[in-house]
Amino acid sequence: MLKVENVSVSYGPFLAVNNASMHVNAGETIGLAGTNGAGKTTLFAAIAGQLTATSGSISFNGQDILHQPTYKRAGIGLCRTFQIPREFGKLSVLENLLVAAQDRSQENMLTAWLRRGTMKDTTTQRTAQADQILDTLGITHVRDLPASQLSGGQKKLLELARVLMQQPTLILLDEPFAGVNPVRIGEMMDIFRRLKEQGIALLIVEHHLQALKSLCSRLYVMDQGVVIAEGDPDNVLNSTIVQEAYMGGVI
Ligand SMILES: Nc1ncnc2c1ncn2[C@@H]1O[C@H](COP(=O)(O)OP(=O)(O)O)[C@@H](O)[C@H]1O
Ligand SMILES: [Mg+2]
1 MLKVENVSVS
11 YGPFLAVNNA
21 SMHVNAGETI
31 GLAGTNGAGK
41 TTLFAAIAGQ
51 LTATSGSISF
61 NGQDILHQPT
71 YKRAGIGLCR
81 TFQIPREFGK
91 LSVLENLLVA
101 AQDRSQENML
111 TAWLRRGTMK
121 DTTTQRTAQA
131 DQILDTLGIT
141 HVRDLPASQL
151 SGGQKKLLEL
161 ARVLMQQPTL
171 ILLDEPFAGV
181 NPVRIGEMMD
191 IFRRLKEQGI
201 ALLIVEHHLQ
211 ALKSLCSRLY
221 VMDQGVVIAE
231 GDPDNVLNST
241 IVQEAYMGGV
251 I
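Encoded structure:
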């Protein structure tokens, strides 16, 4: 489904991702681990379209997306969450979701006016979709609260809910457990399993290696811009090269 081949990404002269290759099959849950500064977020940005890879190729469902803008990638089902959630604090949770759906359709004032007769139907339909997503994520009780009042964990779920409004088939999740109360991490893992049951593929960047091991069928590990290991989670985490990259610290 997603094929990343020999991708490099630079910030000026600094090579943050160096010749990285990886793939995700439909419906798979895949982990991406690595120390801080390894290049994980940069690679995500290149896959989702916030940054353009300096070389290499990226395809999604057989389509070359290397130079496609973010909204086009989202439109064909490839979406990401951000390490720091980016909600609109003054809008309610529901309104945040309706805005996300609008983003997807690339609606502007003119197209909205042209189809003003169907606006109400669309809002009703999107509200129903939003309510279903809030239910799946277990945050229906905060539906009408301003997003600024949510806890850290709830903001992470809102970020995920906004992405789900775009009806993705692959979601890139950047450190979904960071800043989340440990008790809530188990609940989030259940949510990811539910998304998998719905056929949605996940690529998860995480430092919480136990969680990755339990969720993922395969792991990739990056170090200093390079993918240094890939495969079965146990084999990868026990490999000498990964142990050395972490200097025995994190694992
Ligand atoms: N906007 C930027 N400009 C310059 N260097 C950056 C920028 N963003 C990240 N970097 C550098 O690129 C490297 C990879 O960063 P990042 O992709 O955020 O790593 P990770 O997500 O694995 O922690 C780091 O050395 C970081 O300092
Ligand atoms: Mg990062």
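Take the sequence shown: its letters are residues 1 to 251, numbered as in the working numbering.
Backbone N, C-alpha and C fix where the C-beta goes; we use that ideal spot for every residue, glycine too.
beta-carbon residue i near ligand 4 non-hydrogen atom, thresh 7 Å
i	result
ASP174	With respect to ligand 4, the structure shown offers nothing to examine, as its ligands consist of ligand 1 and ligand 2.
Where the beta strand (DSSP E) through residue i begins and ends
i	result
SER92	SER92 -> no beta strand (DSSP E), and no H or E assigned at all.
LEU78	78-80
Check: residue i C-beta below 7 Å from any heavy atom of ligand 2
i	result
THR127	no
THR41	yes
GLN83	yes
Contact check, residue i vs residue j, beta carbons under 8 Å
i	j	result
LEU160	GLY31	no
ASN19	SER10	no
LEU203	LYS196	no
TYR220	GLU230	yes
LEU2	LEU170	yes
THR35	ASP234	no
ILE133	LEU164	yes
ALA46	GLY225	no
LEU137	ILE191	yes
PRO176	GLY77	no
LEU145	GLU87	no
VAL227	MET22	yes
PRO69	LYS155	no
ARG73	ALA48	yes
ALA147	LEU97	no
GLN83	THR29	no
GLY186	GLY152	no
ASN6	SER59	no
Opposing strand residues paired with residue i [DSSP bridges]
i	result
TYR220	LEU32 and GLU230
MET22	VAL4
VAL163	Per DSSP, none; premise fails for VAL163.
ASP174	VAL205
GLN243	Its beta-bridge partners do not exist; DSSP assigns none.
LEU15	SER10
PHE60	LEU2 and GLN63
SER214	According to DSSP, SER214 bridges with nothing at all.
SER55	SER8
Terminal residues of the alpha helix (DSSP H) in which residue i lies
i	result
ARG143	That residue, ARG143, is in no alpha helix (DSSP H); it is neither H nor E in DSSP.
LEU43	40-48
LEU66	Unbroken run through LEU66: none, as it is neither H nor E.
ARG86	No alpha helix (DSSP H) holds ARG86; DSSP gives it neither H nor E.
GLY186	182-197
Cβ-heavy atom distance, residue i to ligand 1, below 7 Å
i	result
PHE177	no
ASN36	yes
ALA16	yes
TYR11	yes
CB contact check: residue i to chain D, cutoff 8 Å
i	result
LEU94	No chain D is part of this structure, which consists of one protein chain only.
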